[in-house]
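First up is the structure itself, then whatever we jot down about it.
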Amino acid sequence: ILMERKTRIKINRKEVMLAKMRNSCSCTPKKLKNFVMDFLPVLRWLPKYQYKEYIWGDIMSGLVIGIILVPQAIAYSLLAGLKPIYSLYTSFFANIIYFLMGTSRHVSVGIFSLISLMVGQVVDRELVLAGFDLNDDAPPVLQNDSQSNTTAFNLTIAGIFFECYAIGIATALTFVAGVYQVLMGIFRLGFVSMYLSESVLDGFATGASLTILTAQVKYLIGIKIPRSQGHGMLVITWINILRNIPQANLCDVITSAICIVVLVTAKELGDRYKHKLKFPLPTELVVIVVATLVSHYGKLNEVYASSVSGAIPTGFIPPKVPHFNLMLRVAVDALPLAIVSFVFTVSLSEMCAKKYAYTIRANQEMFAVGFCNIIPSFFHSFATSAALAKTLVKTSTGCQTQVSGVISAMVVLLVLLFLAPLFYSLQKCVLACIIIVSLRGALRKFRDVPARYHVNKVDTLVWVVTMFASALISTEVGLLVGIVFSMLCIVVRTQRPRTALLGQIQGTSFYEDDLEYENLSSVPKVKIFRFEAPLYYANRNYFLKSLYRLTNLDPNLEAARRKKYEKKEKQHLKKGDQTAANGLGIGENTLQLVPKQIDFQALVIDCSSISFLDTTGVNTLKEILKDYKDFNISVLLACCNPSVIDSLKRGGYFGKDFGSMQEMLFYSIHNAVQFANDQK
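Under full-length UniProt numbering, residues 1 to 680 are what the sequence shown spells out, in order.
In structure tokens, the structure reads:
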């Protein structure tokens, strides 16, 4: 059977492109209105807001997220290497902008631990290059005389320069990352996220979590060690921690132990009884309030030298344009930051949309996240992303729309305007405890390794490599290593795919791998070969080796053997040495040159798993066709997809007029086998 292909309608691509450009460049009131409403999706859904049905769920979830957001914002400032006020700015502006531009109803956008870590690493590196000291606490001020006053003034000025330069780096990095995301949206480069597989993302998150955990240990035990920079930061930091353990602050150690026990216990109870609780317990806020009161009235900073958050100003700092010179310094660092931020946001948005049966626009999500970075960068904020934990809390507390994000922003605004100074006495070890406990989900991935290994060994290897690279080298390098390694795994899998000889399932017209299944019958005088990958230049040799090994016939070696045998026979016949030609002596010498007995007359190649052929692949099949034809073995192709057939046609596999195509190409293995049997 030779099926007739449909005639393709030729499309004039030039005319199509010109028509699209004319359509895009034309401006009508209707198109302008649609553009504005697409750019600001809030204009579409807010007029249709069902007040009675949605408002209480949005208020409740907004208040809960706002209460969770405040302590997390203050805590994550440690990761970013910035003052807590900047984390509060970030949380406020991100919620407002995503409310206007986002297409997901449930995702919570704001500060995220991994993004804060990536920002902090760039900030620390640039501060070191600029000659600043990264010690968290300022040196002690001298006695109150003229020299000490001068020293105190110099320290204050140095502290201001330090803080200004640090936030300058963070805003420049955030601005460039936002520009990248907007450009990716304009040029529709969202496909980049496809190269971040689940294994790469999980490994990256776990490795970064180990880095975050390591960076917080010094706050837990109250020791002062320099912030490690560059590759191998995790190992260097642990060496410094172990060397300085004798200088641990007992007050911070006890406080950390109590806070971790309380937080973990509350989280475990919350997870166990989450179906009975109407909203999550605000454990972080309770811990922060109690710890601040204890630290203030117990004078832990003055008496026990416990490190505290310090003064947090109220109100908003006047906006400022990010420094262009700093943008050039961090342009490369902004690219992985932009990709990771976008990927986490879109994946969470798609998860929520699938769960609650609505659609999102991935391209608009890229614009939304991009402007959540660009606009706040003028207001002393740093990079943002969607956060899984807060998104899950948001959905579990009755969130219906992004109105809940505005409510959360109002809670943060209340802290910014009035309540921020109250956190002056909050110990840094309490913030470190909040960060570490928030890493439970990522660190629990270690428990999933055996199950992951059971499902897929290659994906587990990708996870392990990405995790170790992210933890031991750096987060950016770890992400790049994970992407490259996962792509190499795909290449290796196509270079050495599964190959098999097939046998017939008795009483049917179906064929399967005779090494995998019992009770398969071989077809007399016919070999059926399956290759489970595209056939291209990288796996050509493996294809040929596997074919020759499984069929037990290498046409090139067999042809050479026959030529040598014939040459030997002619030499002996010329000499007239009939005895030697037919005797035992020469038989022993030429035994290895005797032609092999071939046990098949047709070779069927199952092409169902061959998704495409390149030029090398077509030439390989043509070579096989020619080589086996010399031994009167016909080569039949079965189950080829249309693109493979087109490649074979263009490569001249079926001849110039395709006259022999009907005898070389079959739409099922059984048809090819029947044709081979008829030919015999």
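Glycine included, each C-beta is placed from N, C-alpha and C at the ideal position.
Every value quoted in this text rests on a predicted model; they were computed, and no experiment measured them.
*Alpha carbon to alpha carbon, how far is I528 from D614?*
Residue mapping note: residue 528 aligns to position 528 of the sequence shown, counting from 1. Residue mapping note: residue 614 aligns to position 614 of the sequence shown, counting from 1. Answer to the nearest angstrom: the Cα atoms are 23 Å apart.
_Distance check for L419 and S113, CA to CA, integer angstroms please._
To locate residue 113, count along the sequence shown from 1; it is residue 113. To locate residue 419, count along the sequence shown from 1; it is residue 419. Approximately 23 Å between the Cα atoms of the pair.
*asked:* Are the CB atoms of V330 and L173 within a distance shorter than 8 Å?
replied: Position 173 of the sequence shown, counting from 1, holds the residue named residue 173. Position 330 of the sequence shown, counting from 1, holds the residue named residue 330. Yes, the pair counts as a contact, with Cβ atoms nearer than the cut-off.
_C25 classed as buried or exposed, judged by whether at least 16 other C-beta atoms fall within 10 angstroms_ = Residue mapping note: residue 25 aligns to position 25 of the sequence shown, counting from 1. By the 10 Å Cβ count, C25 comes out exposed.
*Separation of I169 from V122, as counted between CA atoms*: What you label residue 122 is simply residue 122 of the sequence shown in a count that begins at 1. What you label residue 169 is simply residue 169 of the sequence shown in a count that begins at 1. Roughly 8 Å separates the two Cα atoms.
*Answer yes or no: do F175 and G405 have a C-beta to C-beta separation smaller than 8 Å?*
Counting from 1 along the sequence shown, the entry for residue 175 is found at position 175. Counting from 1 along the sequence shown, the entry for residue 405 is found at position 405. No. Outside cutoff.
*Which two residues bound the contiguous beta strand (DSSP E) that contains A500?*
In the sequence shown, counting from the first residue as 1, residue 500 sits at position 500. A500 -> beta strand (DSSP E) spans T499 to I505.
_Residue from L417, V415 and P319 whose Cα sits closest to the Cα of F378_ = Start at 1 with the first residue of the sequence shown, and residue 378 comes out as number 378. Considering only alpha carbons, the answer is P319.
*Can you have a look at M184 and say buried or exposed, based on whether 16 or more other CB atoms are within 10 angstroms of its CB?*
Indexing the sequence shown from 1 puts residue 184 at position 184. Burial call: buried.
_Does the region 484-496 come into contact with the region 508-523, if we say contact requires no fewer than three beta-carbon pairs (one atom in each stretch) closer than 8 Å?_
Remark: fewer than three beta-carbon pairs, one from each stretch, lie closer than 8 Å, so the region 484-496 and the region 508-523 are not flagged as touching.
*Between the CA atoms of G190 and G131 - distance to the nearest angstrom*: Along the sequence shown, read from residue 1 onward, the residue named residue 131 stands at position 131. Along the sequence shown, read from residue 1 onward, the residue named residue 190 stands at position 190. Cα to Cα, G131 sits roughly 38 Å from G190.
*What is the DSSP secondary structure of D665, counted as helix, strand or coil?*
On the sequence shown, residue 665 is found 665 positions in, with the first residue counted as 1. The question names Asp, yet the displayed sequence has Leu at residue 665. Reduced to three states, the DSSP call for L665 is strand.
*Within the chosen definition, does the region 653-662 reach the region 614-630 through at least 3 CB pairs nearer than 8 Å?*
yes
*asked:* Can you list, in chain order, the residues of its chain with a C-beta nearer than 7 Å to that of T395? Leave out the 5 residues immediately preceding and following it.
replied: By 1-based counting over the sequence shown, the position of residue 395 is 395. H106 and C352.
*Under 8 Å between the Cβ atoms of A442 and S77?*
The count along the sequence shown starts at 1 and reaches residue 442 at position 442. The count along the sequence shown starts at 1 and reaches residue 77 at position 77. No, these two residues do not count as a Cβ contact at 8 Å.
*What number of angstroms, rounded off, separates the C-alpha of D657 from the C-alpha of K649?*
For this step, residue 657 is matched to residue 657 along the sequence shown. For this step, residue 649 is matched to residue 649 along the sequence shown. Cα-Cα distance, rounded: 10 Å.
_CB-CB length for L665 against I645, believed under 8 Å_ = Residue mapping note: residue 665 aligns to position 665 of the sequence shown, counting from 1. Residue mapping note: residue 645 aligns to position 645 of the sequence shown, counting from 1. Indeed, because the Cβ distance is near 7 Å, the residues count as touching under 8 Å.
*Neighbourhood of L220 by C-beta distance below 6 Å, restricted to the same chain and skipping five residues each side*: Here residue 220 is taken as the residue at index 220 of the sequence shown, counted from 1. So the list reads S256, C429 and A432, once near-sequence residues are dropped.
*Going along the chain, which residues of its own chain have a beta-carbon closer than 6 Å to the beta-carbon of Q216, five neighbours each way excluded?*
In the sequence shown, the residue the question calls residue 216 occupies position 216. Result list for Q216: A432, I435 and I436, in chain order.
*Pair within 8 Å by beta-carbon distance, L234 and T206*: Numbered from 1 along the sequence shown, position 234 holds the residue referred to as residue 234. Numbered from 1 along the sequence shown, position 206 holds the residue referred to as residue 206. No, they are not a contact pair.
_Is there a C-beta anywhere in chain C that falls below 8 Å from the one on K276?_
Here chain C cannot be found, since the structure has a single protein chain.
*Indicate the three-state DSSP secondary structure (helix, strand or coil) for S438 in the structure shown.*
Working through the sequence shown from its first residue, we reach residue 438 at position 438. In the structure shown, S438 sits in a helix (DSSP, three-state: H, G or I).
*asked:* Once DSSP output is grouped into helix, strand and coil, what is the label at K527?
replied: Taking the first residue of the sequence shown as position 1, residue 527 is located at position 527. Correct three-state label for K527: strand.
*Who pairs with E512 in a beta bridge, going by DSSP?*
Here residue 512 corresponds to residue number 512 of the sequence shown, with the count starting at 1. Note: E512 is bridge-paired with G503 in the DSSP secondary-structure output.
*With 16 other Cβ atoms within 10 Å as the buried cut-off, status of Q364*: The residue given as residue 364 occupies position 364 in the sequence shown. Under this definition Q364 is a buried residue.
_Exposure of P313, with buried meaning 16 or more beta-carbon neighbours within 10 Å_ = Here residue 313 refers to the residue found at position 313 when the sequence shown is read from its first residue. The residue is exposed, with fewer than 16 neighbouring Cβ atoms inside 10 Å.
*Given a cut-off of 8 Å, decide if V36 and L43 are closer than it, judged by their beta-carbon atoms.*
Start at 1 with the first residue of the sequence shown, and residue 43 comes out as number 43. Start at 1 with the first residue of the sequence shown, and residue 36 comes out as number 36. Yes, they are a contact pair.
*With a cut-off of 8 Å on the beta carbons, I'd call I598 and L544 a contact; round off their distance for me.*
In the sequence shown, residue 598 corresponds to position 598, counting from 1. In the sequence shown, residue 544 corresponds to position 544, counting from 1. At roughly 17 Å, the Cβ-Cβ gap does not stay under 8 Å, so I598 and L544 are not in contact.
*Three CB pairs or more closer than 8 Å across the region 360-374 and the region 330-343*: Short answer: they touch.
*How many angstroms separate the CA atom of A357 from the CA atom of F510?*
Working through the sequence shown from its first residue, we reach residue 357 at position 357. Working through the sequence shown from its first residue, we reach residue 510 at position 510. Roughly 41 Å between the two C-alpha positions.
_Would the region 230-247 count as touching the region 264-282 if we require 3 or more Cβ pairs under 8 Å?_
no
*Identify whether G120 lies in helix, strand or coil by the three-state DSSP scheme.*
Within the sequence shown, residue 120 is the residue found at index 120, counting from 1. Of the three classes helix, strand and coil, the one that applies to G120 here is helix, per DSSP.
*asked:* Can you determine whether any heavy atom of the ligand COA sits closer than 7 Å to the C-beta of A305, and answer yes or no?
replied: Although the ligand COA was asked about, the structure shown includes no ligands whatsoever.
*Report buried or exposed for E198, applying the criterion of at least 16 other Cβ atoms within 10 angstroms of its Cβ.*
Position 198 of the sequence shown holds residue 198. Looking at its Cβ environment, which holds fewer than 16 other Cβ atoms inside 10 Å, E198 is exposed.
*Helix, strand or coil: how does DSSP classify I604 here?*
By one-based count along the sequence shown, residue 604 stands at place 604. It should be noted that the sequence gives Val, not Ile, for residue 604. Three-state result, V604: strand.
*Can you grab the Cα-Cα spacing for the pair D448 / V464, in whole Å?*
For the purposes of this step, residue 448 is taken as residue 448 along the sequence shown, with counting starting at 1. For the purposes of this step, residue 464 is taken as residue 464 along the sequence shown, with counting starting at 1. If you draw a straight line from the Cα of D448 to the Cα of V464, it comes to about 12 Å.
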